[in-house]
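Below is one structure, written out as structure tokens; comments come after it.
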Ligand code: MN
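Numbering (the numbering used here), first residue to last: 95 to 345.
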């Protein structure tokens, strides 16, 4: 990512391939100069994502195997491993111990530990990680399998405690914040205390909504404004910090 990183927005976790028109969604993010990480939920989606983001300036694709799909798609781990050399960004990966997905938690752990090990072996990967109701397990696994000098983890839609956030920061993790997280008192209190040099923004579109439509990368300003509000800083200062963090992360 280039020098003008300091003058553009950042959506470090969204799913552009789940919008009705994937190519138009990429074109819109490019035109708006939003540094966008479009994640995949299955490695079967990787070839098309990779192809469409090969020549783009602002949009990058991530190779994923979503924990919520592990119950049906655990056998796609080999395909994920096959494509890993083509990917700098990895996600969506992680754990989901919520009631709907708890039954596959053992399989999720097996897959996530392999994902972390392969990333550690390869080096230089940037991961966007899901950790619903499983933050301490996710951090244990990162600590065990992915040394800080072998990869960078961005915790997407983090819902852990303040103590867990401190532990994550000590492990070198970043946090990508969306506007939806900022609707609860708990979310606002957490984001108010995260280290400012580890903050990124995201939309998680189309899984979040704004004015009754799916959120898009061009909506990341909402997250900036919400972060600025809880931290008593100007939106421009937060925007600058987020873009500087992205630059640091990618160095
Ligand atoms: Mn997501």
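Where a beta carbon is used, it is the ideal one built from N, C-alpha and C, also for glycine.
If I'm right that residue i touches residue j with Cβ under 8 Å, what's the distance once you round it to whole angstroms?
{"i": "residue 117", "j": "residue 157", "result": "With 8 Å as the limit, residue 117 and residue 157 do not qualify as a contact, their Cβ atoms being about 19 Å apart."}
{"i": "residue 170", "j": "residue 136", "result": "6 Å"}
{"i": "residue 183", "j": "residue 220", "result": "5 Å"}
{"i": "residue 178", "j": "residue 167", "result": "So it is not a contact: roughly 16 Å between Cβ atoms."}
{"i": "residue 161", "j": "residue 202", "result": "5 Å"}
{"i": "residue 246", "j": "residue 266", "result": "7 Å"}
{"i": "residue 244", "j": "residue 214", "result": "4 Å"}
{"i": "residue 155", "j": "residue 143", "result": "4 Å"}
For residue i, is the beta carbon positioned less than 8 Å from some heavy atom of the ligand MN?
{"i": "residue 301", "result": "yes"}
{"i": "residue 224", "result": "yes"}
{"i": "residue 251", "result": "yes"}
{"i": "residue 133", "result": "yes"}
{"i": "residue 298", "result": "yes"}
{"i": "residue 186", "result": "yes"}
{"i": "residue 107", "result": "yes"}
Candidates the options: which alpha carbon is nearest residue i's?
{"i": "residue 153", "options": "191, 103 and 171", "result": "103"}
{"i": "residue 124", "options": "219, 110 and 134", "result": "110"}
{"i": "residue 222", "options": "119, 133 and 122", "result": "133"}
{"i": "residue 151", "options": "340, 128 and 212", "result": "128"}
{"i": "residue 186", "options": "335, 290, 263 and 139", "result": "139"}
{"i": "residue 232", "options": "250, 217, 243 and 215", "result": "250"}
{"i": "residue 229", "options": "253, 211, 217 and 333", "result": "253"}
{"i": "residue 112", "options": "341, 299, 305 and 211", "result": "299"}
{"i": "residue 282", "options": "218, 262, 317 and 264", "result": "317"}
{"i": "residue 191", "options": "212, 176, 164 and 172", "result": "164"}
{"i": "residue 108", "options": "308, 335, 126 and 175", "result": "308"}
{"i": "residue 175", "options": "121, 106, 212 and 275", "result": "212"}
{"i": "residue 189", "options": "234, 172, 148 and 276", "result": "234"}
{"i": "residue 290", "options": "227, 131 and 342", "result": "342"}
{"i": "residue 105", "options": "302, 226 and 326", "result": "302"}
{"i": "residue 194", "options": "227, 172 and 173", "result": "227"}
{"i": "residue 277", "options": "344, 304 and 262", "result": "304"}
Practice item. Determine, using beta-carbon pairs with one atom in the region 226-239 and one in the region 202-209, whether at least three such pairs fall under 8 Å. Key: yes
Review point. Which runs of the alpha helix (DSSP H), 4 residues or longer, sit entirely within the region 201-228?
Key: none
Check your understanding: If we count Cβ pairs, one from each stretch, closer than 8 Å, do we get three or more for the region 303-314 versus the region 278-287?
Key -> no
Review point. Is the region 291-304 in contact with the region 266-282, if contact means three or more CB pairs nearer than 8 Å?
Key: Taking a cut-off of 8 Å for Cβ pairs, the region 291-304 and the region 266-282 touch, as three or more such pairs fall below it.
Point to revise | Cβ pair count under 8 Å reaching 3, the region 252-264 against the region 320-329 | key: no
**Study point:** Ranges of the alpha helix (DSSP H) found wholly within the region 110-191, counting only runs of at least 4
**Key:** 116-125, 140-146, 164-167 and 171-177
**Study point:** Length at least 4, wholly inside the region 281-330: the alpha helix (DSSP H) runs in chain order
**Key:** 315-325
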